[in-house]
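Residue numbers (my numbering), protein chains in the order written: chain Y, 5 to 456; chain L, 19 to 329.
Glycine included, every Cβ here is placed at the ideal spot set by N, Cα and C.
The structure appears right after this line, and notes come after that.
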Amino acid sequence: MKGEILFKNANLVDGRGEHGRADVLIGEGRILSLSGGEAPRVIEAAGMILSPGFFDPHAHLREPGQEVKEDLTSGLTAAAKGGYTDLVSMPNTSPVVDNAEIVAALKKKAASIGQARLHPAAALTQGQEGKILSEARLLREAGAVMLTDDGRTNEDAGVLAQGLQYAASWGLLVSVHAEDASLRRGGVMNEGEVSFRLGLPGNTGFAESARIARDLEIVRYVESRGSQEAGQRSRVEGRNTQVEGQKQTLLHVQHLSTRRGLELIRQARAEGLPITTEVGPHHLTLTDQSLNSLNPIFKVAPPLRTQADLEALIEGLLDGSIDCIGTDHAPHTQDEKELDMLRAPFGIPSLEICWPLLYTALVVGHGFPLHTLIERFTDGPRRILGFPPIHLTEGAQASLVLWSPGQERPVVPQSFASRAKFSPWAGWALRGWPSVTLVEGRVVYEQGAVQI
Amino acid sequence: MSQSAVPSFPRHLLDFSDWNRGQVESILETAQMMQEVLARPVKKVPALTGFTVATVFFEPSTRTRLSFELAARRMSADVLSFATATSSTTKGETYRDTLRTLEQMGIDAYVIRVDAAGVCHQAYGWLHKPVINAGDGWRAHPTQALLDAFTLRERLGSLEGKKIAIVGDILHSRVARSNAELLTMLGAQVVACGPATLLPGSLPGATLTTSLKEALLEADAVMALRLQKERMDKGLLPSLPEYIAAYQITQERLAWARPLAPLLHPGPMNRDVELEGTLADSPQSLVERQVANGQAIRMAVLYHLLVGKRS
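So, in structure tokens, the structure goes:
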């Protein structure tokens, strides 16, 4: 059989498990064969792992309007470098992504850049002002995959309930930044022993769990009203129609950070509530103790929590209460992050190190099962957004990443493709660095791959 | 950090986390000597001749700034005074840019007052010169704590085992944080007291209570903090009369403390709010003594950071 690229002796791991070694032949954008073949490019992949491409359900690429922090080219290149073949961009740009024209323009530009694929999220309400719903039907036609007012919190419960109902009727998932603004107040870090000692305004973890508790009740309310429409929903046409037999997720809770929030979600899911959640790399590897440095590089929303929260989140990721990893990649300029703790903006960039970081911290350091972590980077996000999974079988879409489990390398922010060249993990020695990223059979990133 | 007969010193006074008791005792001893200098007819020594000290006040505070500047001048240092009212920070220049500009002017030590916790720590990282924290947000005000400790020791002798009550808005108080840190290092037992909404969940070294009686009972000294009026606007306090009813230090309530227990206030004072009108002027009040001692303490700190032995 003839193809375009042949990975020799690759170890195959996807969201279902580990599948041993194979010679993987790629062609026509697909996996043509798992038993070798001929190709003009042959890459020696012994000692490397081939996985489905990662999918980030939550990244801030800042375009349009804040290109000084990041733009589509730098962001999508950073994603490809990090092993991501797909990502969802957040709409809190300037102007806000709240109409079909901007979504279509973003999609078109991203396609011409040809790095990781862009799936824009659009605003739930016009201008993210929390008042008038945005045009879900038109946004979806233009390619939006999710509606969210992320960057702001949904203070008006009635608007959120209507938004959930309306978005669901067009097969669109709604995601929320779950924090009660009145409890959060001006908090710049986790409220607790560390914030009390440092004299910094605290943001209590209960601001998150209180908001999740409210939102769970809103989901129950919307479900109780919307059961008669269930049939209609499944008839919605389009790319991200839900997989057969799977209950459509109504609400996705972004960047979960607290043990208490996790408990609420776990319990609601056990009751069958159609909700999902994600966790970010920073909440799985850092705690509020990092703020002892008084360095705004660690300032993020929701804030870094305690060791007990971190351990609970790892447990939730393991047992599936947390569906996926969302980077919440939030680039800013170096100057902005060198302001003081009160004035520096919230956010940590992580697209190009998220996989090596969590592979090293969780799999190598914590004994976390490899294929489960892969699942949370691949099938998990695709499932909640209604994309079909990519598994390493003949005929599967060749959006893949080849990465090295053995080679250790430090995090060097200066070499980031992202414009945000700072990192709270600078200097951490990580394994798992991507070597080749393919989008539909096309090489979008390559470093250090051995060609034969 | 090792303790020796002549201790070496950190190159900054950001808070007390890098300071040990021996170093603090040395500062207090030196302040005693400075006190003697200040009692002379010619109140000037040449110790810091040729050094330039910048006072950089991003947040207005006349008293603390004047105290530092006079302290530096009494040691013969040159003083560069920078305050936001006359600065470019209002035009969008960042703290870092302002400090880096000053750095080009050959400054030997920086005294910084700022509204955000941590800026003095950041500044030390940017400047690599001695930095003295003259108050950063709610976090720390170490020279205030040193002068409070000095003033208390003048009256009480050793602070070992002494109960010191701090009363007021503990949550937003850098004075409370630095005093809790320092006074406990010197062996005192600190009880911090205030309305529930103005207490942090914890304060290292201190016991927390909402009961004024519990705080004042058998106290060896009482320190009242300034109440910022804007706390009422943020829903943290119902009203001023409500605060006064529960937490004002009155002659009657002061009787819960030990006889003649000294009374401190970091200033500026809201008369008839934190303290009953006449109390501030009573023999028990050390408020004026605190101001006088502030200068000696700041001379001692400048001396040790600029020409003292390095750690």
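- Annotation: the continuous beta strand (DSSP E) that includes I35 (chain Y) extends over R34 to S37.
- Here C138 (chain L) is not bridged, per DSSP, to any residue.
- At a cut-off of 8 Å between beta-carbon atoms, R386 (chain Y) makes no contact with chain L.
- In the structure shown, Q246 (chain L) falls within a coil segment according to DSSP collapsed to helix, strand and coil.
- In this structure A14 (chain Y) touches L406 (chain Y) by the C-beta definition: roughly 7 Å separates them, less than 8 Å.
- By the neighbour-count criterion, in which 16 or more other beta carbons inside 10 Å mark a residue as buried, P222 (chain L) falls on the exposed side.
- Under the three-state reduction of DSSP output, V129 (chain L) falls in the strand class.
- Residues of chain L with a Cβ closer than 7 Å to the Cβ of F426 (chain Y) do not exist; the shortest Cβ-Cβ separation is about 14 Å.
- Taking all protein chains shown into account, Q269 (chain L) has fewer than 16 neighbouring C-beta atoms within 10 Å of its C-beta and is therefore exposed.
- Residues of chain Y whose Cβ lies closer than 8 Å to the Cβ of Y128 (chain L) do not exist; the shortest such Cβ separation is about 15 Å.
- Closest in C-alpha terms to M94 (chain Y), from the list Y:E67, Y:K73 and Y:K113, comes Y:E67.
- Chain Y places no beta carbon closer than 8 Å to that of H146 (chain L), leaving this residue out of the contacts.
- S196 (chain L) is positioned such that its CB atom lies no closer than 8 Å to that of W156 (chain L).
- For K111 (chain Y), the three-state secondary structure derived from DSSP is helix.
- Of Y:S419, Y:H62, Y:I106 and Y:V17, the smallest CA-CA separation from R386 (chain Y) is found for Y:H62.
- Nearest to K341 (chain Y) by alpha-carbon distance, out of Y:K425, Y:Q311 and Y:G21, is Y:K425.
- When only Cα atoms are considered, A120 (chain Y) and D339 (chain Y) end up about 28 Å apart.
- When 8 Å is used as the limit between beta carbons, T112 (chain L) is near these residues of chain Y: D339, E342 and L343, in chain order.
- Residues of the segment 200 to 232 of chain L with a C-beta less than 8 Å from any C-beta of chain Y: P218, G219, S220, L221 and P222, listed in chain order.
- Residue state for P285 (chain Y) is assigned as helix, using DSSP reduced to three classes.
- Not a single C-beta of chain L is nearer than 8 Å to the C-beta of F210 (chain Y).
- Inclusion of P124 (chain Y) and A148 (chain Y) in the CB contact set at 8 Å is warranted, their separation being smaller than that value.
- For the pair K73 (chain Y) and H375 (chain Y), the CB atoms are not nearer than the 8 Å cut-off.
- Bounds of any alpha helix (DSSP H) do not take in G326 (chain L), whose DSSP letter is neither H nor E.
- Within chain Y, the residues whose beta carbon sits less than 7 Å from that of H139 (chain L) are L298, listed in sequence order.
- DSSP places R121 (chain Y) in no alpha helix (DSSP H) but in the uninterrupted beta strand (DSSP E) bounded by R121 to A126.
- Against chain L, the beta carbon of R188 (chain Y) has no neighbour under 8 Å; the closest one sits roughly 14 Å away.
- Sixteen is the threshold: since fewer than 16 other Cβ atoms of the shown chains lie within 10 Å of the Cβ of V416 (chain Y), the residue is exposed.
- For F200 (chain Y), the closest Cβ of chain L is nearer than 8 Å.
- At least one CB of chain Y lies nearer than 8 Å to the CB of R157 (chain L).
- Per DSSP, K181 (chain L) is one residue of the beta strand (DSSP E) stretching across K181 to V185.
- Sorting L:A310, L:L324 and L:D187 by C-alpha distance to the C-alpha of T228 (chain L) places L:D187 at the top.
- D154 (chain L) sits in a strand when the DSSP states are folded into three classes.
- Listed along chain L is no residue with a C-beta nearer than 9 Å to that of E133 (chain Y); the closest approach is about 25 Å.
- Rounded to whole angstroms, the separation of the alpha carbons of I269 (chain Y) and P353 (chain Y) is 26 Å.
- Interface with chain Y (8 Å Cβ-Cβ cutoff): A134 (chain L) is included.
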